[in-house]
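Protein chains in written order, with this note's numbering: chain V, 13 to 175; chain S, 21 to 218.
Structure follows, in structure tokens:
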């Protein structure tokens with residue numbers, strides 16, 4: 013298997029996560045697709061620097077979330093993008109209205125968080141271990157636990173305010 | 021509702037995007053080609069076109085400088101030329117700093133720190149740019165009236181009577197608007213930095 017094939021296989025295994033990360037850092041479909049392409053581009057550019065000390069998926073998450081931050085800085089300078097699969101462009105438009113409502117609730121909650129907490133919530137939802145979260149984010153495991161319990165409390169307060 | 025309850029919608033979304041195997045070698049090559057081309061285009065269009073307009077205006081004022089026949093108009097002309105050269109430079113520097121991609125292999129927290137610092141610097145430069153733009157606007161009004169209408173506003177008694185009070189009121193509202201516009205972003209950046217440093 014050559015480098016491109018290895019890379020594509022890794023991307024295909026993690027493409028769902030890449031699209032969801034992009035969805036949570038953007039507000040419009042066009043912007044999200046642009047971010048997805050930027051992530052793929054940067055992953056490919058940095059693929060040689062992946063040192064295999066961490067899991068491939070851990071590295072993909074780290075790069076994808078870092079690119080999402082970079083994208084936030086330059087997002088106002090919009091440029092045309094390569095058309096991508098139509099099915100992917102429909103990610104938030106889920107067919108089941110209850111699912112759609114749940115997704116909107118998730119997005120509303122995440123949008124209110126600061127960027128550090130947003131990163132933690134994404135990794136939590138992806139069911140990463142505390143050790144993996146600490147490695148990707150670059151903080152201690154105990155710090156991850158403290159911040160997550162604070163985020164959970166914040167969500168409870170938010171829900172009780174809405175009720 | 022708990023954070024764990026939101027996992028369902030997260031995983032349902034995964035199911036929707038993992039079915040099609042859309043990322044192919046051809047698509048990867050296309051993205052790489054397009055991103056490289058657009059990266060160059062972005063720099064050329066945004067930074068060069070804005071700077072060109074300012075440079076042309078500065079050259080025009082310099083070329084017509086002999087028409088500015090009073091000390092007031094000459095000082096105004098010099099200030100306008102300096103601002104027309106300074107504004108694109110500030111813009112160029114701030115956009116360059118913002119567009120710097122950096123190292124994506126770093127930890128998320130390190131990237132966030134750099135992001136918050138860059139954002140604070142960008143906001144400071146934008147505030148400076150807006151203030152200079154306002155001064156440029158005033159100088160251009162005086163110069164355009166002279167260069168295209170042949171009138172010297174400084175000889176008009178109404179100009180001195182009204183320009184200062186009106187400018188002051190305008191500046192007051194303008195400064196409040198600038199403060200309000202950037203305050204939230206600045207506060208968020210500072211809070212993020214504080215949290216990352218704890």
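Even for Gly, the Cβ is constructed at its ideal location relative to N, Cα and C.
All of these numbers come straight from a predicted model, not from anything done at the bench.
To the nearest angstrom, how far is it from the Cα of residue i to the Cα of residue j?
i: residue 43 of chain S; j: residue 192 of chain S; result: 54 Å
i: residue 126 of chain S; j: residue 210 of chain S; result: 21 Å
i: residue 32 of chain V; j: residue 85 of chain V; result: 19 Å
i: residue 154 of chain S; j: residue 136 of chain S; result: 27 Å
i: residue 161 of chain S; j: residue 46 of chain V; result: 41 Å
i: residue 99 of chain S; j: residue 201 of chain S; result: 27 Å
i: residue 9 of chain V; j: residue 14 of chain V; result: Summary: the structure shown does not reach residue 9 of chain V, with chain V confined to residues 13 through 175, and so no result is reported for it.
i: residue 68 of chain S; j: residue 76 of chain S; result: 12 Å
i: residue 40 of chain V; j: residue 107 of chain S; result: 32 Å
i: residue 21 of chain V; j: residue 27 of chain V; result: 10 Å
i: residue 110 of chain S; j: residue 149 of chain S; result: 7 Å
i: residue 197 of chain S; j: residue 151 of chain S; result: 12 Å
i: residue 142 of chain S; j: residue 72 of chain V; result: 29 Å
i: residue 38 of chain V; j: residue 170 of chain V; result: 22 Å
i: residue 169 of chain S; j: residue 194 of chain S; result: 28 Å
i: residue 161 of chain V; j: residue 70 of chain V; result: 22 Å
i: residue 97 of chain V; j: residue 82 of chain S; result: With a pLDDT of 48 at residue 97 of chain V, under the threshold of 50, the predicted position of this residue should be treated as unreliable, and no value is reported.
i: residue 165 of chain S; j: residue 58 of chain V; result: 56 Å
i: residue 43 of chain V; j: residue 34 of chain V; result: 9 Å
i: residue 105 of chain S; j: residue 205 of chain S; result: 28 Å
i: residue 24 of chain S; j: residue 119 of chain V; result: 14 Å
i: residue 75 of chain V; j: residue 109 of chain V; result: 33 Å
i: residue 88 of chain S; j: residue 95 of chain S; result: 9 Å
i: residue 203 of chain S; j: residue 49 of chain S; result: 42 Å
i: residue 214 of chain S; j: residue 16 of chain V; result: 41 Å
i: residue 159 of chain S; j: residue 92 of chain S; result: 11 Å
i: residue 101 of chain S; j: residue 84 of chain S; result: 12 Å
DSSP on residue i, reduced to helix/strand/coil?
i: residue 84 of chain S; result: coil
i: residue 124 of chain S; result: coil
i: residue 60 of chain V; result: helix
i: residue 170 of chain S; result: coil
i: residue 67 of chain V; result: coil
i: residue 178 of chain S; result: helix
i: residue 78 of chain V; result: helix
i: residue 8 of chain V; result: This structure does not reach residue 8 of chain V, given that chain V is present from 13 up to 175, and the question cannot be answered.
i: residue 43 of chain S; result: coil
i: residue 22 of chain S; result: coil
i: residue 18 of chain V; result: helix
i: residue 45 of chain V; result: helix
i: residue 90 of chain S; result: coil
i: residue 217 of chain S; result: coil
i: residue 106 of chain V; result: Reliability fails at residue 106 of chain V, whose pLDDT of 49 lies under 50, so the model's placement of it is uncertain and the value that follows must be treated cautiously. Three-state result, residue 106 of chain V: coil.
Using a Cβ-Cβ cut-off of 6 Å (strictly less than) and excluding sequence neighbours within five positions of residue i, which residues of its own chain qualify?
i: residue 156 of chain S; result: 103
i: residue 79 of chain V; result: 50, 51, 54
i: residue 71 of chain S; result: 108
i: residue 212 of chain S; result: 136
i: residue 82 of chain V; result: none
i: residue 77 of chain V; result: 131
Once the 5 residues before and after residue i are set aside, which same chain residues still bring their CB inside 8 Å of it?
i: residue 146 of chain V; result: 152, 153, 155, 156
i: residue 149 of chain V; result: 128, 131, 132, 135, 156
i: residue 26 of chain S; result: none
i: residue 114 of chain S; result: 141, 142, 145, 146, 149
For residue i, verify whether its CB is less than 8 Å away from any heavy atom of the ligand HEM.
i: residue 19 of chain V; result: For the structure depicted, the ligand HEM is absent and the ligand set is empty, with no information on it obtainable.
Could you pull out every residue in the same chain whose Cβ sits closer than 7 Å to the Cβ of residue i, ignoring the five residues on either side in sequence?
i: residue 138 of chain V; result: 29
i: residue 143 of chain V; result: 153
i: residue 56 of chain V; result: 19
Using the beta-carbon count (16 or more within 10 Å), is residue i buried or exposed?
i: residue 60 of chain V; result: exposed
i: residue 121 of chain V; result: buried
i: residue 97 of chain S; result: buried
i: residue 11 of chain S; result: Since the first residue shown for chain S is 21 and the last is 218, residue 11 of chain S is missing from the structure and cannot be characterised.
i: residue 29 of chain S; result: buried
i: residue 73 of chain S; result: exposed
i: residue 123 of chain V; result: exposed
i: residue 138 of chain S; result: buried
i: residue 19 of chain V; result: buried
i: residue 173 of chain V; result: exposed
i: residue 53 of chain S; result: exposed
i: residue 158 of chain V; result: exposed
i: residue 51 of chain S; result: buried
i: residue 23 of chain V; result: buried
i: residue 168 of chain V; result: exposed
i: residue 141 of chain V; result: exposed
Are the C-beta atoms of residue i and some chain A residue less than 9 Å apart?
i: residue 42 of chain V; result: No chain A appears in the structure shown, which is made up of the protein chains V and S.
Give, in chain order, every unbroken run of the alpha helix (DSSP H) that is at least 4 residues long and sits entirely within the segment 111-174 of chain V.
127-137, 142-149, 153-174
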